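Beneath this line is the structure, given in structure tokens, with notes to follow.
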Amino acid sequence: MVKSWGFIGGGRVTRIILGGLNRAGRLPREVAVSDMDREALERLKGLFPSIETIPGDNRRAASRDIVVLAVHYPVVAQVLEEIKDHLKEEALLLSFAPRFTINGISQLLGGFDRIVRMVPNAPSLVNMGYNPVAFSPAIPEEERQELLDTFQALGECPQVQEEKLEAYVIITGMGPTYFWFQWAELLEIARELGLNPKEGEEAILHMLTGAIRALYQSGLAPEEVMDLIPARPLAQEEEGIKRAFRERLIATFRKLKGE
Ligand SMILES: NC(=O)c1ccc[n+]([C@@H]2O[C@H](COP(=O)([O-])OP(=O)(O)OC[C@H]3O[C@@H](n4cnc5c(N)ncnc54)[C@H](OP(=O)(O)O)[C@@H]3O)[C@@H](O)[C@H]2O)c1
Numbered sequence: 140m141v142k143s144w145g146f147i148g149g150g151r152v153t154r155i156i157l158g159g160l161n162r163a164g165r166l167p168r169e170v171a172v173s174d175m176d177r178e179a180l181e182r183l184k185g186l187f188p189s190i191e192t193i194p195g196d197n198r199r200a201a202s203r204d205i206v207v208l209a210v211h212y213p214v215v216a217q218v219l220e221e222i223k224d225h226l227k228e229e230a231l232l233l234s235f236a237p238r239f240t241i242n243g244i245s246q247l248l249g250g251f252d253r254i255v256r257m258v259p260n261a262p263s264l265v266n267m268g269y270n271p272v273a274f275s276p277a278i279p280e281e282e283r284q285e286l287l288d289t290f291q292a293l294g295e296c297p298q299v300q301e302e303k304l305e306a307y308v309i310i311t312g313m314g315p316t317y318f319w320f321q322w323a324e325l326l327e328i329a330r331e332l333g334l335n336p337k338e339g340e341e342a343i344l345h346m347l348t349g350a351i352r353a354l355y356q357s358g359l360a361p362e363e364v365m366d367l368i369p370a371r372p373l374a375q376e377e378e379g380i381k382r383a384f385r386e387r388l389i390a391t392f393r394k395l396k397g398e
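So in the working numbering, the last spot in the sequence shown is 398, and the numbers never skip.
Encoded structure:
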């Protein structure tokens with residue numbers, strides 16, 4: 140049976156997931172997206188003309204076979220209350236929101252337990268995401284595989300322990316933001332130094348791909364890898380950057396865990 144999809148929230152993550160599926164030629168035939176923000180829906184419709192957009196009524200999006208909760212933490216409880224009487228018995232609810240556990244969501248939905256949690260990763264847009272997923276025990280293996288099969292189009296989709304999802308939010312969900320601005324800056328610098336945009340992008344892409352493999356796959360200890368290049372023009376900034384990583388990421392993790 141061809142499954143219908145309903146996304147509640149038509150912002151960034153919905154754009155990423157639909158974009159990745161579309162790029163892989165796997166955009167589901169029936170996709171409805173609800174949002175309070177008409178502009179977000181218009182933008183989405185411009186990108187994916189086949190989708191149905193539903194301004195201001197989450198209940199209609201919630202009546203599909205796969206219901207995707209793509210809103211931020213502060214409105215999750217309110218949205219769950221709004222949709223709880225509109226979910227089909229055999230629907231799957233897929234939540235992207237951190238902090239709300241499968242049990243917590245189930246309680247807010249009056250006992251509905253066909254729940255999946257996933258931590259989306261923005262590179263899914265180019266089918267290179269790493270999207271850890273945890274299923275409620277109520278979902279049979281066959282249905283898990285069906286959903287995973289669709290999401291393989293976005294990249295890797297490992298099944299993980301639910302308690303680890305907030306760690307993945309820090310490492311993979313938000314991870315690109317720690318680096319993207321640096322790579323964008325490096326590209327600007329490459330241009331200033333005389334490389335054209337294509338040369339700059341190629342150089343940085345290959346440098347980064349090789350650098351990460353050297354760090355994790357060369358068999359050398361991290362200190363040995365980092366010692367391979369004696370010139371380190373940013374050495375004076377390293378301690379400050381490491382401190383910022385440690386303090387801010389761990390504080391964000393604790394907040395996500397409600398500690
Ligand atoms: N973006 C990522 O890469 C990423 C990665 C991991 C996890 N996530 C999770 O995915 C969820 C969505 O994130 P996002 O980045 O897509 O956020 P976003 O770009 O802000 O999109 C959320 C959308 O939901 C709308 N919205 C707000 N209240 C609503 C309601 N009551 N009913 C329906 N729609 C409502 C928002 O409208 P307004 O703007 O008008 O409020 C906005 O258009 C969050 O839980 C986030 O933690 C995102």
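Yeah, the Cβ is synthetic: ideal placement off N, Cα and C, and Gly gets one too. None of these values were measured; they are calculated from a predicted model.
No Cβ-Cβ contact shorter than 7 Å links Pro-237 with Pro-271. Between Leu-233 and Val-207, the gap from beta carbon to beta carbon is short of 7 Å.
In terms of side-chain proximity, the C-beta atom of Val-210 is found nearer than 6 Å to a non-hydrogen atom of ligand 1. The three-state secondary structure of Ser-357, taken from DSSP, is coil. Secondary structure at Asp-196: coil, using DSSP grouped into helix, strand and coil. DSSP places Asp-174 in the uninterrupted beta strand (DSSP E) bounded by 170 to 174.
When C-beta atoms of the segment 144 to 163 are compared with those of the segment 173 to 185, three or more pairs fall below 8 Å, so the two segments count as touching. Considering only Leu-183, Lys-142, Arg-154, the residue with the shortest C-alpha distance to Pro-167 is Lys-142. Distances from the alpha-carbon of Gly-195 to those of Phe-187, Gln-300, Leu-186, Ala-179 put Ala-179 closest. Residue burial annotation: Ile-254 is buried, with at least 16 other C-beta atoms found within 10 angstroms of its C-beta. By the Cβ test, the segment 183 to 195 is in contact with the segment 157 to 165, since at least three Cβ pairs between them sit closer than 8 Å.
Glu-295 places its beta carbon less than 7 Å from that of Tyr-269. Relative to Pro-315, the option among Gln-300, Leu-388, Arg-393, Ala-216 whose CA is nearest is Leu-388.
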